[in-house]
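Presented below is the structure to which this report refers.
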Amino acid sequence: MNPKEPRFFYELDLQLEAAGAPVTRRLSILTNNHDVVKLRDDALIRELTLLVAAGRHDLALDIMFSHHFHNWEGSSEIHALYADALLARGHAKFKRRQFNDAFKDYVMALEYPSNLEVGRPKRDRKAAQVFYYVGLTQEALNDAASARESFERSVTPREHGPSEAQFYQALALKKLGKTSDAQAIFEGLVRQGESLLKAGDQPDYFAKFGERQSERVRQANAYYLAALGKLGMGRTAEAEADLGKAIGLHPGHLGALCMLNRPPL
């Protein structure tokens, strides 16, 4: 393939991801060739994902705000990445006790900028995560009534089946006093994660956006799912060990990286 074509860098990064290459190596290749990479949205999204993974949220968001994406296939991938960048930046501010600034980032994550060409879905699964963190920030700002409203929005409508969104709904349920419902979800997340680890090579199982994923990525997602359940049950040491395994397999795993840098849940 021609290294002057953005498809070359897209395919190269897929291979490096499958091999478990470090984020710094992958990101260096893409940023050093940004003028070529930006000509193709799927290649640019990989660069942006790595920027977020490396903690360079401001640069990632600057590019996302200034670039017009062409969402030919109706994918929500770029919006999920936009939300993840704002959540990660908000977490950093929350941990510095900059609660008002964190709140602004979290609320912004609920928006659907027109240049991303992603419409707001009828069932916005990312909103479960975002509203949970909005509620946490409102608690920190001593606005209990608004926090409760945000937690209620996080759990509506309820998710069915183990997922990241269901994890955040379980956290919100705990905040709402529904601990038994939350516990059942956490246990289901652990069971599902451990089941997937035992299942062997099923590269299509975690196809988040309809694209085949490597076995390393599949296993990392399974460890991540189990870690979420363990975090919810207070098994923090076990959960963080699983998050470490996920990152060891897939160093650019945004969910695991973000969870290790989370504010207190």
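To convert a position in the sequence shown, counted from 1, into the numbering used here, add 22. Heads up, the beta-carbon is just placed ideally off N, CA and C, and yes, glycines get one too.
- Here the alpha carbon of S236 sits roughly 5 Å from the alpha carbon of A40.
- Along the length of the stretch 29-64, whole alpha helix (DSSP H) runs at least 4 residues long occupy 45-53 and 56-59, reported in chain order.
- Each residue's CA atom was taken as its position, placing G277 and P28 some 26 Å apart.
- I85 sits close to L70, with the two beta carbons spaced by under 8 Å.
- Ranked by how close their Cα comes to the Cα of H92, the residues A105, E139, R48 and Y134 have E139 in first place.
- Our two residues, K144 and H275, have alpha carbons roughly 27 Å apart in a direct line.
- Here F87 is not near V59, since their CB atoms are 8 Å or more apart.
- Taking the Cα positions, Q151 is about 9 Å away from L109.
- Spatial neighbours of A124 in its own chain (CB-CB distance under 7 Å, excluding positions within 5 residues in sequence) are listed in chain order as G112, K115, F116 and T159.
- Excluding the 5 residues flanking it on each side, A107 has same chain C-beta neighbours closer than 6 Å at V74, H79, A82 and L83, in chain order.
- Non-local C-beta neighbours of E161 in its own chain, meaning closer than 7 Å and more than five positions away in sequence, comprise A169, ordered along the chain.
- Around the Cβ of E99, a 10 Å sphere holds 16 or more other Cβ atoms; the residue is buried.
- Taking a cut-off of 8 Å for Cβ pairs, the stretch 198-207 and the stretch 170-180 touch, as three or more such pairs fall below it.
- Approximately 18 Å separates the beta-carbon atoms of Y134 and Y155; this is outside 8 Å, ruling out the contact.
- Within the stretch 198-281, not a single complete beta strand (DSSP E) segment reaches 3 residues in length.
- Pairing K252 with A242 gives a Cβ-Cβ distance that is not under 8 Å.
- Leaving aside the five residues that flank I207 on each side, the residues in its chain whose CB is nearer than 6 Å to its CB run, in chain order, Q188 and A192.
- Remark: C-beta atoms of A268 and Y246 approach each other more closely than 8 Å.
- Using a Cβ distance threshold of 8 Å, A248 and L211 count as a contacting pair.
- The C-alpha of T53 is placed about 37 Å away from the C-alpha of G254.
- Excluding residues up to 5 positions away in sequence, A244, Y245, L247, A248 and G251 lie with their Cβ nearer than 7 Å to the Cβ of G215 in the same chain.
- With distances taken between CA atoms, E33 lies nearest to R68 out of G183, L279 and R68.
- The three-state reading of DSSP puts A110 in helix, counting H, G and I together.
- Comparing alpha-carbon positions, the option among Q120, L279, P286 and S97 lying closest to D63 turns out to be S97.
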